[in-house]
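Numbering (our numbering), first residue to last: 2 to 168.
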């Protein structure tokens, strides 16, 4: 049986001729996205392990999204942490207060989402980019930390269901 569109995207990014549902693969990401709630957790995890370096800063997108304008001191501190980390590590794709928006609208509108891309985000709605032909999935903040640090992620190749429509 031929591979699905998702399998073709993942296989191409992983440098493999063929992949099967259930298989674990390691592959580079085109975009790793975090927001003002999830990215600070990833940054803290990196700093806790003593190496908060960024492999591909141009592939990282931070968006002050969930609590902006800041609702309280903690929310403001989260955005400040993103701002400081982005500046220290050359992350130019930081959408700060005044430039931000709803992350899942902003990324496509700003040209970060293209067909065939692999996009991970520490947010459950990241999968919406699939409507634009990308493979996109939400992950936890520790997975985001790994992608920030290495430029890669691991995935279990998803199952597929075939639908036949007639009529």
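Ideal Cβ positions, reconstructed from N, Cα and C, are used throughout, including at glycine. Values in this document were obtained by computation on a predicted structure and should not be read as measured data.
Between the CA atoms of residue 17 and residue 88 - distance to the nearest angstrom: So the alpha carbons of these two residues sit roughly 36 Å apart.
Check whether residue 37 and residue 66 have beta carbons under 8 Å apart: yes
Contact set for residue 77: own chain, Cβ-Cβ below 7 Å, skip 5 residues either direction: 71
Residue 142 to residue 39 span [Cα, whole Å]: 6 Å
Length of the line joining the Cα atoms of residue 47 and residue 166: 47 Å
Within 8 Å, strictly: CB atoms of residue 116 and residue 137: no
Near the ligand MN: residue 100 beta-carbon under 7 Å from a heavy atom: Of the ligands one can find in the structure shown there are none, so the ligand MN has no counterpart to examine.
Host beta strand (DSSP E) of residue 62 (start-end): 61-64
Residue 33 vs residue 60 beta-carbon contact at 8 Å: Yes, Cβ-Cβ distance for residue 33 and residue 60 is below 8 Å.
Delimiting residues of the alpha helix (DSSP H) encompassing residue 39: That residue, residue 39, is in no alpha helix (DSSP H); it is neither H nor E in DSSP.
N- and C-terminal bounds of the beta strand (DSSP E) containing residue 116: Taken as a continuous stretch (DSSP letters only), residue 116 belongs to no beta strand (DSSP E), as it is neither H nor E.
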